[in-house]
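Report on the following structure.
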Amino acid sequence: MKLLPAFTIILVFSTALFAANDPNRPEKITDVETIVNKANFVAYYQGKDGKAKIKMTITDKKGQTRLREFIILRKDIKDGGDQKYYVYFLKPVDVRKMVFMVYKHTDIKKDDDRWLYLPGLDLVKRIAASDKRTSFVGSDFLYEDVSGRNLQEDTHELIETTDKYYVVRNVPREPDSVEFSYFNVSIDRKTFVPVKMEFYDKKNKLYRVIKSQKVETIQGFPTVVKSIVSDLNTGSKTVMEFTNVKYNINLKDIFTERYLRRPPREAIR
Amino acid sequence: MIHHRGFIVVMLVVTLSLPVMAQEDTANDFNSLLSNLDIHGFYEIRSGYRMRKDKYEKDMSIMEQRLQLDISSYLDWADFKVKGDIIGDLVEEQADFDLREAYIFTRPYDFMDLKVGRQILTWGTGDLVFINDLFPKDWQSFFIGRDTEYLKAPSDAVKISLFSDLANLDIVYTPQFDSDRFISGERLSYWNSNLSRLAGADAIQHTDKPNRWFRDDEIAVRVYKNINNYEYALYAYHGYWKSPGGQNAAATKAIFPDLNVYGASVRGNVGKGIGNLEVGYYESDDDQSGKNGNINNSELRFLAGYTREIGKDFTAGLQYYVEHMLDYGRHKDSSPSGLNRDRDRHLITVRLTKLLMNQNLRCSLFIYFSPSDKDTYMRPNINYKVSDNLAVEAGANIFFGDYPGTFFGQFQNNTNIYTALRYSF
Chain A
1 MKLLPAFTII
11 LVFSTALFAA
21 NDPNRPEKIT
31 DVETIVNKAN
41 FVAYYQGKDG
51 KAKIKMTITD
61 KKGQTRLREF
71 IILRKDIKDG
81 GDQKYYVYFL
91 KPVDVRKMVF
101 MVYKHTDIKK
111 DDDRWLYLPG
121 LDLVKRIAAS
131 DKRTSFVGSD
141 FLYEDVSGRN
151 LQEDTHELIE
161 TTDKYYVVRN
171 VPREPDSVEF
181 SYFNVSIDRK
191 TFVPVKMEFY
201 DKKNKLYRVI
211 KSQKVETIQG
221 FPTVVKSIVS
231 DLNTGSKTVM
241 EFTNVKYNIN
251 LKDIFTERYL
261 RRPPREAIR
Chain B
1001 MIHHRGFIVV
1011 MLVVTLSLPV
1021 MAQEDTANDF
1031 NSLLSNLDIH
1041 GFYEIRSGYR
1051 MRKDKYEKDM
1061 SIMEQRLQLD
1071 ISSYLDWADF
1081 KVKGDIIGDL
1091 VEEQADFDLR
1101 EAYIFTRPYD
1111 FMDLKVGRQI
1121 LTWGTGDLVF
1131 INDLFPKDWQ
1141 SFFIGRDTEY
1151 LKAPSDAVKI
1161 SLFSDLANLD
1171 IVYTPQFDSD
1181 RFISGERLSY
1191 WNSNLSRLAG
1201 ADAIQHTDKP
1211 NRWFRDDEIA
1221 VRVYKNINNY
1231 EYALYAYHGY
1241 WKSPGGQNAA
1251 ATKAIFPDLN
1261 VYGASVRGNV
1271 GKGIGNLEVG
1281 YYESDDDQSG
1291 KNGNINNSEL
1301 RFLAGYTREI
1311 GKDFTAGLQY
1321 YVEHMLDYGR
1331 HKDSSPSGLN
1341 RDRDRHLITV
1351 RLTKLLMNQN
1361 LRCSLFIYFS
1371 PSDKDTYMRP
1381 NINYKVSDNL
1391 AVEAGANIFF
1401 GDYPGTFFGQ
1411 FQNNTNIYTA
1421 LRYSF
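Residue numbers (the working numbering), protein chains in the order written: chain A, 1 to 269; chain B, 1001 to 1425.
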């Protein structure tokens, strides 16, 4: 579910799918698994690959800001399944040219494979990836927000259908593995873009909200180009903005040590 | 020395690029080089003091300002990079320039990468322990508290990488031997076996270093492949012991005897963490029989490591490493000044890294502990990113040991603390 639509693509099928219906009165789906699968698809799997430049602005409760800027490349191994991610850092300058690479596995028993390349040392490091609910590059987004939370980790319940949204409650199958007790996601009925996620802590108090602030249609794919996450406990928030979003760029297999050590030029410029 | 070779490298890079540039429209190329120019770097102040009196060295362990400039650009056919540090060093009371990188990188074919010039090179699976990575290290920088980046000293080399579905191949050719920046007594006191005591600035190690171009050369090869996300590699090296590995018969100069290394490694997910194994056979080619006490013995080296997250933003790493001398008895009998070690040198390393305050504060501790040498080296470090550009840091290099002549024990009097401030741009 999950935001971050950008490196994602909806196949052309999205147009075909909705063409049959009156666009203003989308068909009402009652099967929650269909809804979460479509939303997952829209958020993370649009097109067979994709590229985007991402800017994250982290603002702490005192108003101090920090900036992260990186280029992200994604390739799907299987629609709705395994994916590969390549993240090339531009800012802050002390991590410029650092590369982070992930092989995401949707098999729940299998941890992702992660690599980090440190250019100053010419060092290719392997990173242990057991906890996906840690901060991504010091922002309020978590690894899981960026690459997608495995649908099998939660049970899903359609709690409300409004004119515009499906609201789905997600309850973790293993409550001890996460810091929330459940989260609700509002999914646009027309586009299946997840527009809001609200996380509730173990005392059922809302503590974390992710909102899609701007959605654009790029190459036919509805794409969240601006989202914001607010941590209500720490008062910190992170705005994530996508530019240069491109789908179906025919990415060759750049997810190797060769390109970790030296990024593919066409992909990062 | 550094200046001189740096200059050669820059000239070499320029000369190599000229003919290719001449074919194109040179003026155009020059314009694109300029417009693609990317300049970054940092300014840093770093100061540190010895925690113990060392009669051979200054109390200041490090006191320097450093400006690093990192200039890169590209043309259609290649990337260019020059990275160098201008250093004002108050310990050695001199200004210095350390050219760290100056190279051309190109992808002439789908199956080939080529990097020519001064470059930092790293491979192998160890964490601050190296078996098959025989590229030069700067142990002096490491022990006096410079950023870990400076542990890797540059090589003047050609790196050819070939890629195929079967396996990938890296070949690194260094036409003139690049030694480690080893402990010579200039900045750090050390155990001098000829004098049978600690020594330092009073007994700087002089060396007889192989330095003929294209004759005293090094070649390092790696064949590697990722199979189901387990990374397998085979290595071979032909060159010299990177730090002095013996001395001449008159015991006046330290030497770098011939060395061949053959090894292998594997790395991948094990349980919830990352495991790695690496082995290497060090063939001390100038003393095949192991009888020459003036030359390092042949060795087998073995490393096993494991890293995993043990809490939120909290990682732990553990390594076991052993150096096994192959002709210990013979070597010991013929050693002029006796040996300071057992046949096997066992080493355990522990790394703990905890990130706090939105990952802006990094607390880390790296420990080397040798149960056979009975010595320890600890590297605590705290780094705080005040802003995206400004970082402050404090740390220490702490050595202790039961004997004065062991690998880490000899540096006891060099135990130091340091702080640094770095502005990146």
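Ideal placement from N, C-alpha and C gives every residue a C-beta, glycine not left out.
C-beta neighbour in chain A for residue i, strict 8 Å
i: residue 1156/B; result: no
i: residue 1152/B; result: yes
i: residue 1388/B; result: yes
i: residue 1304/B; result: no
i: residue 1420/B; result: no
i: residue 1229/B; result: yes
i: residue 1291/B; result: no
i: residue 1163/B; result: yes
i: residue 1071/B; result: no
i: residue 1134/B; result: no
i: residue 1426/B; result: Since the first and last residues shown for chain B are 1001 and 1425, residue 1426/B lies out of range.
i: residue 1391/B; result: yes
i: residue 961/B; result: Not covered by the structure: residue 961/B. The range shown for chain B is 1001 to 1425.
i: residue 1122/B; result: yes
i: residue 1096/B; result: no
Beta-bridge pairing of residue i - partner residues as DSSP gives them
i: residue 194/A; result: 187/A
i: residue 1323/B; result: 1301/B, 1345/B
i: residue 1254/B; result: 1207/B, 1247/B
i: residue 115/A; result: 101/A, 126/A
i: residue 1275/B; result: 1268/B, 1306/B
i: residue 1222/B; result: 1170/B, 1235/B
i: residue 218/A; result: 221/A
i: residue 33/A; result: Answer by DSSP bridge pairing: none, since residue 33/A is not bridged.
Beta carbon proximity, residue i to chain B, threshold 8 Å
i: residue 123/A; result: yes
i: residue 106/A; result: no
i: residue 93/A; result: yes
i: residue 47/A; result: no
i: residue 21/A; result: Here the model assigns residue 21/A a pLDDT of 47, short of 50, so the residue's position is not dependable and the matter cannot be decided.
i: residue 188/A; result: no
i: residue 120/A; result: yes
i: residue 66/A; result: yes
i: residue 14/A; result: A caution first: residue 14/A carries a pLDDT of 39, below 50, which makes its placement in the model unreliable, though a value can still be read off. So, not an interface residue.
i: residue 113/A; result: yes
i: residue 86/A; result: no
i: residue 2/A; result: Interpretation of residue 2/A is limited by its pLDDT of 46, a score under 50 that renders its predicted location unreliable; the figure taken from the coordinates is listed afterwards. Not an interface residue.
i: residue 253/A; result: no
i: residue 207/A; result: no
Limits of the beta strand (DSSP E) - the one that residue i falls within
i: residue 1191/B; result: 1190-1192
i: residue 74/A; result: 65-76
i: residue 244/A; result: 236-247
i: residue 1422/B; result: 1416-1424
i: residue 1330/B; result: From DSSP, residue 1330/B is part of no beta strand (DSSP E) but of the alpha helix (DSSP H) over 1328-1334.
i: residue 165/A; result: 165-172
First through last residue of the alpha helix (DSSP H) which encompasses residue i
i: residue 1140/B; result: 1139-1144
i: residue 265/A; result: 265-268
i: residue 1107/B; result: First-last for residue 1107/B: 1094-1109, but that is the beta strand (DSSP E), not the alpha helix (DSSP H).
Heavy atom of the ligand SAM within 7 Å of residue i beta-carbon
i: residue 1291/B; result: Because no ligand of any kind appears in the structure shown, any question about the ligand SAM cannot be addressed here.
**OP:** Name, going along the chain, the residues of the segment 1336-1370 of chain B whose beta-carbon falls closer than 7 Å to a beta-carbon of chain A.
**Re:** 1358, 1359, 1360
**OP:** Say whether the segment 185-193 of chain A touches the segment 212-224 of chain A, bearing in mind that this needs 3 or more beta-carbon pairs closer than 8 Å, one atom from each stretch.
**Re:** yes
**OP:** Assess, as a yes-or-no matter, whether the segment 1086-1098 of chain B is touched by the segment 1121-1136 of chain B under the definition of 3 or more beta carbon pairs within less than 8 Å.
**Re:** no
Original post:
How do the segment 1200-1210 of chain B and the segment 1152-1170 of chain B stand: do at least 3 beta-carbon pairs fall below 8 Å, yes or no?
Top reply: no
Subject >> Three-pair Cβ contact test at 8 Å for the segment 244-255 of chain A versus the segment 39-53 of chain A >> reply: yes
Original post:
Of all the residues that make up the segment 215-238 of chain A, which are near chain B by a beta-carbon distance shorter than 8 Å?
Top reply: 236
**OP:** Would you list, in chain order, the members of the segment 1299-1327 of chain B that have their beta-carbon closer than 7 Å to a beta-carbon of chain A?
**Re:** 1307, 1308, 1309, 1312, 1313, 1315
Original post:
Counting Cβ pairs, one atom from each stretch, are 3 or more of them under 8 Å apart for the segment 1258-1275 of chain B and the segment 1298-1316 of chain B?
Top reply: yes
**OP:** Name, going along the chain, the residues of the segment 1247-1270 of chain B whose beta-carbon falls closer than 9 Å to a beta-carbon of chain A.
**Re:** 1267, 1268, 1269
**OP:** With 9 Å as the C-beta to C-beta threshold (strictly closer), list the residues of the segment 135-162 of chain A near chain B in chain order.
**Re:** 135, 137, 138, 139, 140
**OP:** Evaluate the contact criterion for the segment 89-97 of chain A versus the segment 157-175 of chain A: three or more CB pairs, one atom per stretch, below 8 Å.
**Re:** no
Original post:
Any chance the segment 1037-1045 of chain B sits against the segment 1062-1082 of chain B, with 3 or more Cβ pairs inside 8 Å?
Top reply: yes
**OP:** Flag this pair as touching only if the segment 1216-1224 of chain B and the segment 1283-1292 of chain B have three or more C-beta atom pairs under 8 Å; answer yes or no.
**Re:** no
Subject >> Contact the segment 259-267 of chain A vs the segment 75-82 of chain A: 3+ CB pairs below 8 Å >> reply: no
**OP:** Could you say if the segment 1161-1168 of chain B and the segment 1181-1194 of chain B meet the contact criterion of at least three C-beta pairs nearer than 8 Å?
**Re:** no
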